[in-house]
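In UniProt numbering, the protein residues as written are 1 to 417.
Quick look at the structure:
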């Protein structure tokens with residue numbers, strides 16, 4: 001264990017452990033649900049539910065507005081000042097509530113105008129309530145305080161209690177609405193409990209912010225929001241495109257493979273954004289930071305090789321309907337992870353700590369523009385397919401990774417001279 005001391009400290013280790021437990025459980029449950037839901041409601045209705053979630057995710061990003069990252073720079077320096085933390089938390093919550101109202105008006109207008117959406121308006125209402133719970137929750141505060149164990153204590157029991165009924169309520173294709181009801185309840189309850197627990201844990205009080213405070217919060221978080229939004233555009237738009245162009249069945253196949261991909265990514269990406277970024281910001285020791293970067297990259301490569309070797313035995317076993325088809329797409333997703341994990345690591349956890357948030361935004365803009373051009377080309381040439389859309393993700397992630405690597409080398413060469 002002595003050899004691990006240069007890499008981090010006890011708090012970092014416990015935060016990493018809790019992040020693994022939390023995200024692992026959060027994605028193990030959906031993996032268990034994939035075969036159950038596909039068998040009960042079918043791939044088409046499974047795709048419909050995930051199409052609605054994909055559409056609502058744009059509004060979730062808008063409501064969160066990058067505060068899960070931008071709050072780190074505000075909270076960490078004053079984490080021991082109860083009054084200062086109260087002002088920051090109150091300001092962020094009020095701002096998110098205003099964004100929630102705007103999102104509701106826009107989403108409601110879209111559902112009312114577009115027939116394809118209006119036919120399933122109940123699902124969009126449930127999805128909106130779900131993102132309200134996610135957006136107004138205070139899990140980001142626990143992360144900035146480096147108290148990940150409290151998120152685990154809140155999320156695990158609530159997810160367990162709210163998920164179990166799905167196995168009793170969903171009996172056939174007509175019960176697909178219950179899936180979103182349960183997802184909504186989990187997020188709303190978790191969000192509410194996190195607010196109460198955080199205020200009690202840190203002795204916070206509500207400080208009524210002004211509209212100018214909200215405006216200042218939005219300005220401060222704008223770079224983080226734009227980067228997150230642009231990243232999510234090319235990370236989450238594929239199901240929407242498939243749903244509009246190809247139909248809900250193909251969304252079901254794609255999202256089943258994607259959720260298996262996400263199950264692995266969930267062990268790494270939240271670690272980078274929610275554990276390592278606050279830690280890097282606090283220690284600012286490039287020796288420690290670089291060692292951790294090397295360890296994460298090596299673990300990623302070894303893990304992906306293991307996943308490739310094990311997937312042919314596991315996926316057909318847990319997914320009986322369409323398992324072989326889903327496996328072939330999952331293998332392509334593994335190639336994406338070879339590039340996307342290093343790309344995420346060199347973003348806010350690395351360039352962000354260097355003080356080059358603008359460079360992270362710039363590379364994300366490059367990737368987003370490339371994604372829109374490539375996907376636009378696929379649509380115009382009628383070449384939209386699951387494979388082509390995953391390949392587009394691989395290409396745009398490579399563009400972003402190359403740009404971030406170039407900026408880091410440029411920065412390091414400038415410092416050395």
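Idealized CB from N, CA, C, for every residue including glycine. Since the model is a prediction, treat every value here as computed from it, not as a measurement.
- If you look at residue 315, you'll find it in the alpha helix (DSSP H) that goes 286-318.
- For residue 232, the enclosing alpha helix (DSSP H) starts and ends at 211-245.
- Judged by DSSP in its simplified three-state form, residue 208 adopts coil rather than helix or strand.
- Around residue 282, the same chain offers 76 as residues with beta carbons nearer than 7 Å, after the five sequence neighbours per side are excluded.
- Shown here, residue 349 sits in a helix according to DSSP, grouped into three states.
- Note that the region 26-35 does not touch the region 211-230; fewer than 3 beta-carbon pairs, one per stretch, sit closer than 8 Å.
- The three-state reading of DSSP puts residue 93 in helix, counting H, G and I together.
- Rounded to the nearest whole angstrom, the C-alpha separation of residue 36 and residue 157 is 21 Å.
- With a cut-off of 8 Å on Cβ pairs, the region 160-180 is not in contact with the region 85-104, counting fewer than three such pairs.
- The alpha-carbon separation between residue 385 and residue 47 amounts to approximately 15 Å.
- Measuring C-alpha to C-alpha distances from residue 73 to each of 279, 377, 389, 117 identifies 279 as the nearest.
- DSSP, reduced to helix, strand and coil, places residue 128 within a helical segment of the structure shown.
- In this structure, 63 is the residue among 109, 63, 310, 182 with its C-alpha nearest to the C-alpha of residue 97.
- Going by beta carbons, residue 319 and residue 263 fall outside the 8 Å limit.
- Within the same chain, Cβ atoms closer than 6 Å to the Cβ of residue 370 are found at 396, 399, the five residues on either side in sequence being excluded.
- The residues 242, in chain order, have a CB closer than 6 Å to that of residue 250 in the same chain once the five nearest residues on each side in sequence are set aside.
- The beta carbon of residue 169 sits closer than 7 Å to those of 175, 178, all from its chain and outside the five residues before and after it, given in chain order.
- Residue 208 and residue 183 have their C-alpha atoms spaced approximately 31 Å apart.
- Under a 10 Å Cβ-count criterion, residue 227 is classified as buried, with 16 or more other Cβ atoms of the shown protein chains found around its own Cβ.
- When secondary structure is reduced to three states using DSSP, residue 164 falls in the coil class, being assigned neither helix nor strand.
- Spanning the alpha carbons of residue 69 and residue 353 requires a straight line of approximately 12 Å.
- Within a 10 Å sphere around the beta-carbon of residue 357 sit 16 or more other beta-carbons, which makes this residue buried.
- In this structure residue 332 is not in contact with residue 375, their Cβ atoms being roughly 16 Å apart against a cut-off of 8 Å.
- If you check the CB distance, residue 252 and residue 53 do not come in under 8 Å.
- Following the DSSP letters along the chain, one finds residue 181 inside the alpha helix (DSSP H) bounded by residues 176-201.
- In its chain, beyond the 5 residues on either side, 154, 158 have a beta carbon closer than 8 Å to the beta carbon of residue 193.
- Straight through space, the alpha carbons of residue 337 and residue 297 are spaced by roughly 11 Å.
- Contact annotation: residue 351 and residue 404 have beta-carbon atoms nearer than 8 Å.
- Relative to the Cα of residue 308, the nearest Cα in the group 295, 136, 328, 363 belongs to 328.
- With contacts defined as CB atoms closer than 8 Å, residue 127 and residue 56 qualify as a contacting pair.
- Taking the CA atoms as reference points, residue 137 sits about 6 Å from residue 195.
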